[in-house]
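Line by line, the protein sequences are chains P and R. The first sequence begins at 1473 in the working numbering and counts up one residue at a time. The second sequence begins at 1473 in the working numbering and counts up one residue at a time. Just so it is clear, CB atoms sit at the ideal spot from N, CA and C, and this is done for glycine as well.
Protein chains: 2
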Amino acid sequence: MRTIRIALVQTNPLVGDLAGNRDRIIDAIGQAKKLDADIVAFPELAVTGYPPEDLLLKPQFVKDNLRTLKEIGKATTGITAIVGFVDTDKHIYNAAAVLDSGKHVYTYHKILLPNYGVFDEYRYFKPGTRYPVLLVNDAAVGISICEDIWFDHGPTGVQARAGAEVVININASPYHKGRGNERLQMLTDRARENKVNITYTNMVGGQDELVFDGHSLVIDKKGVLIAAGSQFEEDLIAVDIPVSGQPHIVPLKERGKILGSRPGSIDYVTLAKKATGKKPLLPLRKPEKPLMVCEEVHNALVLGTRDYLYKNGFTTAVIGLSGGIDSSVVAAVAVEALGSKQVTGVFMPSPYSSKESEEDAYALAENLGITILTIPIDQPFDGFLNALRPVFAETATDVTEENLQARTRGNILMALSNKFGWIVLTTGNKSEMSVGYATLYGDMAGGFAVIKDVPKTMVYEVAECCNRIAGRIVIPKRVMTKAPTAELRPDQKDTDALPPYEELDPILKAYVEDDRTFDEILAMGFDRKTVERVIRLVDKSEYKRRQAPPGIKITPRALGRDRRFPITNRYKSY
Amino acid sequence: MRTIRIALVQTNPLVGDLAGNRDRIIDAIGQAKKLDADIVAFPELAVTGYPPEDLLLKPQFVKDNLRTLKEIGKATTGITAIVGFVDTDKHIYNAAAVLDSGKHVYTYHKILLPNYGVFDEYRYFKPGTRYPVLLVNDAAVGISICEDIWFDHGPTGVQARAGAEVVININASPYHKGRGNERLQMLTDRARENKVNITYTNMVGGQDELVFDGHSLVIDKKGVLIAAGSQFEEDLIAVDIPVSGQPHIVPLKERGKILGSRPGSIDYVTLAKKATGKKPLLPLRKPEKPLMVCEEVHNALVLGTRDYLYKNGFTTAVIGLSGGIDSSVVAAVAVEALGSKQVTGVFMPSPYSSKESEEDAYALAENLGITILTIPIDQPFDGFLNALRPVFAETATDVTEENLQARTRGNILMALSNKFGWIVLTTGNKSEMSVGYATLYGDMAGGFAVIKDVPKTMVYEVAECCNRIAGRIVIPKRVMTKAPTAELRPDQKDTDALPPYEELDPILKAYVEDDRTFDEILAMGFDRKTVERVIRLVDKSEYKRRQAPPGIKITPRALGRDRRFPITNRYKSY
C-alpha cells in the first residue's frame, strides 16, 4: 500500500506580527521535515493571522505579507508546505500558497467566502474560480480553505471527481460551544459523499473576541476520524494516508462536465518527487476523547484571556472582587491564564456590602493565592454626593446613586490599571450584558470582558468545572449557592429587576441567538409579560453593549461583531 | 412632446418603525397624487429604514415589513409607487416594489450589493438578476437601487439598451464631505454614456453613525442637472421628463445580446394607464446652489444629533463645557438641533482650570442662551486620592491622576444624565480619537459623540460657520484663538503630547482615511519621527475607540464601523 504523509500544524499566529508568524511557520516546517512529511499544512492566513480585518485594505500590509511568504518559501527544501496568505492582483484573495522545495508553485484562492456572523470576507476578498489537484509521487491532493469544505456544492466534490484522493483543508475556524461536533459531522459527510480523505488543519489561539480551538482532524474516505490535534493548544500531527499510487487525471475535454455551471478550471499541478512510501509508517496517535462542554468553555476562556493579554503586551490583571460568582470565575480564569502572582483582586466595600461578600472575596483570594486589596468607596462616593448636592437638592434617591457607586469602583480599578499597568478584567456575564443589567463606565469599565458571552447559568457550570479541574475548592461553595446581588442598595437581589436566570437564559437564547419570533418564545411556555420585558430590555440596551469591552465568543452568537444591531431602532416584535 | 411626471420623495424613516414609516410613505403618496405624478419614488428600504442591520436576520421582522408594504400598496390608486422594502423567498433581497394602482405588480432585487466601508449588504442580501423596464403610457422606465447605478457595468446600461428612457434609482446613500459632487459626477457620466434620464431619490435623516443628506437629483439624458431636492431636509420634488411616447421593446431573441455574460432576464412590465401628458407641465424648481463644505458638515452634525436624540427618545442634552473649541462647537450644534432650553452646560473646574476657561464657558453659554452649572470636581477627586493613598503610597504622580480628573467629570455628567434624563454629548474630535488623546470613561463617557469624525482643524471651520450662520458671535473669538489644552496639570498644552494639528491632521488623513504607506506619508514632507509616532498612537489606541460612543460620519472613512481594525495587532508599517 502506498501512502502520503501529511503534517497538520496548529500555529498560534499574532495578527500583523509577520516576522513572528514566519518564524513559527519555518520552525514547524523543520519539525515536519524531521517527521519525513511529504506535505505540511498550516492554517488559513497563517502568515498574517486571522482575521486581519482592515489591515487588508493597506497595500503596504499586503505587500509585506507577500515578502514574508517568500521568506517562508526558502525553508521548504524537500517538502511541500501549504500556507495561508493574502494573494493580490488588482483584487485580494484569501489564498493558500503551495510552496514546493523552495519554489512557490501554485496559489489557491478560497472559493466560498463567509460573510455572516463574525465573518466579513466579502469586504476584502474576491472569490477564486480554480480547483487545484496537486500530484505528488502519483498521489492526487486537493487543497481548499475553511468555508470551502462546509458545503456539498463547494470545491471538495469537484476535486474528488477530478481524481483527488486527499483534500487538505486549512482553517481559521473560531470556537463556539459545540463547534467540534458540527465540524466532525460535516467532515464525515464530506468525506463519505466524495469518498475522499480529508485533513482539516485549524488555527489555535485568541484574537480579540475570537478563540481558535485547534482540534485539527483527519478523516478517512469512509468518514472515520483517524487523528486529531489538541484542543486549545499548539500542536503538530502527522499521518500516513493510503493512496492508490495511480491517480486518475481527467482529460481536458471532460473537465467541463465536472465543473458544471461553475466558471473556472481544474488545475493539475505536479510537485517535486518526495520520499513517500520509502519510510516506515508513523505510529497512529489515537484521537483523544473530546473535552466536555464546560471544560471546552473553561479552556476557551483561559486561552482567550491569556492571548488577549499577552498579545497586547499585558502580563498582569486586576479584578474587582465582589464575593459573587461572576468575579470569582473571572479571577479563577485569570489565575489559570497568567499565574496567581500576576493577578490582583480588589474588594471595594460600600455601606451596602455584606460581611458574607467580604468573607467570600477573601476566601477566593486565598484559594487562588492572589493578592487582595480592600479599597472602600465611601470617600469618593461621598465626594460625588457632596459635589452634586446643590443640583440634586430637590430630587429623590434613585438609580443615579447606584450607578455612582458602580462608577466609583470602575474609576478605582482604572486608576490601579493606570498606575501599575494591570489590565482591568470586567466580570459581567452574557445574561446581564443582554438585558443591560450593568453600569456603563462602572462594572463595565475595563480592557477585557472575560465572561461576556457566558450566560449566568453557564457561569455556575464553569465555576464547578474550575473546582473540578483544580481538584479542590477554588471558588467557595457559598459563592455558588447564595442569591446573586449587585449590593447597590439595602437587600437588593438580581431577581428584583430580572426574572430568575433559569428562566431568563432560555428566553435570551431564543431571542438573541436563535432569532425566534415572539410567538415562538411564548410557545416555549414562558409568561407573556416576562418575554415582553426581556425583549424590551435587550432592545433598549444596545447602546450599552456598543461601549462594552471585547470578550470571548463562547456561544454561536456573541454580543460583539457577531450581532450587529442598530442602536436607533423602534422595532417591536411583541 | 410627451412627458412622464415623476415625484421623488426624501423621507426620513426610523429603523424598525414600520407603522411610522408606512404613514410617512402613504402621506407622501397623497401629495404626489395631488401633483398628478405618474410615478412616485421613495428611498431604498423606506419601509424598514436603512440600515436595519441584524434585524434583517429576524424572520418576524421581514414578515412584518411585507405586511407593511401591503398596507402601503392599498394607497396607490391612480399612481405607481416605487418603494424600497425587504423581499424574501428562501433568501432575502434589498428590493423595490412596483405598487401600481393598488397592486404589487413587480419586485426588483438590487443587483450590486455594497459590502465595504459602512456597508454589509452581502451579510444579508442575495443579489438580483432581473432587469425590469416599466411601460407606463408608452414611456419606458428602468428601476434600480443605489449601488446599481454607480458602475457602468450595472443595470443602467442594460435597461437603457432595452429601451428605458428614464431610470428611477432609489437610495439610502450616506453623507460624507464632498459626497454630493461625487454623486453628481457619477450620475452625469451614467446619463451621458447611456443617453438616459435619471432620477436619483435619496433618504434623509440620521441613523446611528450615518446621516442621509437627501439632495435627490434629476439628470437629463444629456447629463444636465435639472432638479434637486433639499439637502439635509425632507422634501418632495416632481419633474416632467420628456419621453418619446414610443419605447422600443427589444424582441425576446435579441435580449441575450444586451445581457451579455450576465445571468438573468430583461422584464417588460406594463403598468396601468396614467394621466400623463394631459396636464400642464409643472414649473421647474431650479436646483439651488449646493451648500459650502463647512455648511454641509454643520448641517450633517445638526441633523445627525437631532435624529439620534429624538429617534432614541431624548429631548435634552448635557455637555461638559471646558471653555475650549470642541465643547463650544458641540454645544452650538446641540442648541441648533434641540433648542437652547433643552441643553445644559456644565463647567467642572479643578485647581488647574484657568480663569479664561471659566469666562469662555460662561460667555458661550450666554451667547447660546443655555443654562450653565458649575460643579467643582475637588471633593470626589480628593476622595479618590484619599481612597487610593494607601495603595499609591510609594508611587509618583503621573497620568493616573490626570485620568482620574477626567473620569470624575465623566461620572458627574453621567449622574446628571441618570438623574434628569439628559443625554451626555461627548466633545472629542477625530484628531484626538485617532491618536487616543482622550480618557476612556472620562471625556469619552456619553451617549453620542457629535464631532467624533471631525478633525480638529475642521472643528475650527465649523465654529466659524456656526457664527456665520447665526449672524453673530456665538462661539467666542478667544475660544478660537487660544492654544488647545486639557488642563489636567499646570500649564498643559495639547502640543506637549501631539504635533500641531496643522501637521497631525494631514498625517491622520493619509494614514487613517487614505491607507497611505509609511513611505508615501514621508514623501508628503513630514518628519519621520513624527509620522512614526502618529502611526504608533493610532495603532495602539484602537481599544479606546472600540469603547467610544457612536458619532456622526463626516469623512469618507469614519472611526466606527467604517474602519474595522483589530485591537490585537502587532503590524508595524514603519
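By the CB criterion at 7 Å, Asp1966 (chain R) and Pro1978 (chain R) fall outside the cutoff.
When C-beta distances to chain R are compared with 9 Å, the residues of the segment 1511-1545 of chain P below that value are Thr1520, Gly1521, Pro1523, Pro1524, Glu1525, Asp1526, Leu1527, Leu1529, Lys1530, Pro1531, Gln1532, Phe1533, Lys1535 and Asp1536, in chain order. Here the C-alpha atom of Thr1787 (chain P) lies approximately 21 Å from the C-alpha atom of Met1916 (chain P).
Contact between Leu1897 (chain P) and Ala1789 (chain P) holds: their C-beta atoms lie close to 5 Å from each other, under 8 Å.
Burial check for Ala1958 (chain P): the Cβ neighbour count within 10 Å reaches 16 or more, so the residue is buried. In the same chain as Gly1545 (chain P), and ignoring 5 residues on each side of it, the C-beta atoms closer than 6 Å to its own belong to Leu1571 and His1576, in chain order. Looking at the DSSP output, Arg1602 (chain P) shares a beta bridge with P:Ser1737. CA-CA distance, Thr1673 (chain P) to Phe1533 (chain P), rounds to 25 Å. In the DSSP assignment, the residues bridged to Arg1474 (chain R) are R:Val1715.
Here Val1676 (chain P) has Gln1482, Asn1484, Phe1684, Gly1686 and Glu1706 as same chain residues with Cβ atoms under 6 Å from its own Cβ, once five neighbours each way along the sequence are excluded. Restricting attention to alpha helix (DSSP H) runs no shorter than 4 residues, the segment 1776-1810 of chain P encloses them at 1797-1810, ordered along the chain. Across the set R:Ile2039, R:Asp1499, R:Tyr2046 and R:Leu1682, the C-alpha of R:Ile2039 shows the shortest separation from the C-alpha of Leu1682 (chain P).
Cβ-Cβ separation between Lys1902 (chain R) and Leu1708 (chain R): approximately 35 Å, too far for a contact (criterion under 8 Å).
In the structure shown, Asn1839 (chain P) adopts helical secondary structure according to DSSP, grouped into three states.
Classified as buried, Gly1701 (chain P) has 16 or more neighbouring CB atoms from the shown chains inside 10 Å of its CB.
Distance from the Cα of Arg1602 (chain P) is smallest, within the candidate group P:Thr1475, P:Lys1582, P:Lys1506 and P:Arg1539, for P:Lys1582.
Within the DSSP bridge table, the entry for His1581 (chain P) names P:Ala1567 as partners. The shortest C-alpha to C-alpha distance from Gln1877 (chain R) to any of R:Asn1566, R:Gly1792, R:Arg1950 and R:Val1802 is the one to R:Gly1792. Three or more pairs of CB atoms, one per stretch, sit closer than 8 Å, so the segment 1605-1616 of chain P contacts the segment 1714-1732 of chain P. At a C-beta separation below 9 Å, Ile1847 (chain P) has these neighbours in chain R: Ala1859, Leu1860, Pro1862 and Val1863. Note that the C-beta distance between Pro1523 (chain R) and Pro1852 (chain P) is not below 7 Å. Legend: CB atoms of the segment 1477-1496 of chain R lying less than 8 Å from CB atoms of chain P belong to residues Leu1486, Val1487, Gly1488, Asp1489, Leu1490 and Gly1492.
From the beta-carbon of Arg2035 (chain P), the residues of chain R found nearer than 8 Å are Asp1526. If you draw a straight line from the Cα of Arg1496 (chain P) to the Cα of Tyr1913 (chain P), it comes to about 39 Å. With distances taken between CA atoms, Ile1923 (chain P) lies nearest to P:His1770 out of P:Ile1478, P:Ala1509 and P:His1770.
When DSSP states are grouped into helix, strand and coil, Thr1929 (chain P) belongs to the helix group. The beta carbon of Glu1830 (chain R) lies closer than 7 Å to those of Gly1795, Phe1819 and Pro1821 in the same chain, with the five residues before and after it left out. Looking at the backbone, the Cα of Pro1962 (chain P) and that of Tyr1594 (chain R) are separated by about 50 Å. Between Ala1663 (chain P) and the set P:Ala1479, P:Glu1654 and P:Ile1691, the nearest pair of CA atoms involves P:Ile1691. Sequence-ordered contacts of the segment 1827-1855 of chain P with chain R read Leu1845, Ile1847, Pro1848, Ile1849, Asp1850, Gln1851, Pro1852, Phe1853, Asp1854 and Gly1855 [C-beta pairs closer than 9 Å]. Residue range Val1871 to Phe1892 is occupied by the alpha helix (DSSP H) that includes Leu1885 (chain P).
Under the 7 Å criterion on CB atoms, Pro2038 (chain P) is classed as interfacial with respect to chain R.
The DSSP-derived three-state label of Gln1964 (chain R) is coil.
A direct Cα-to-Cα measurement between Tyr1578 (chain R) and Asn1641 (chain R) gives close to 15 Å.
Residues of the segment 1609-1622 of chain R with a Cβ closer than 8 Å to any Cβ of chain P: none.
Residue pairing by DSSP puts Gln1679 (chain R) in a beta bridge opposite R:Leu1682.
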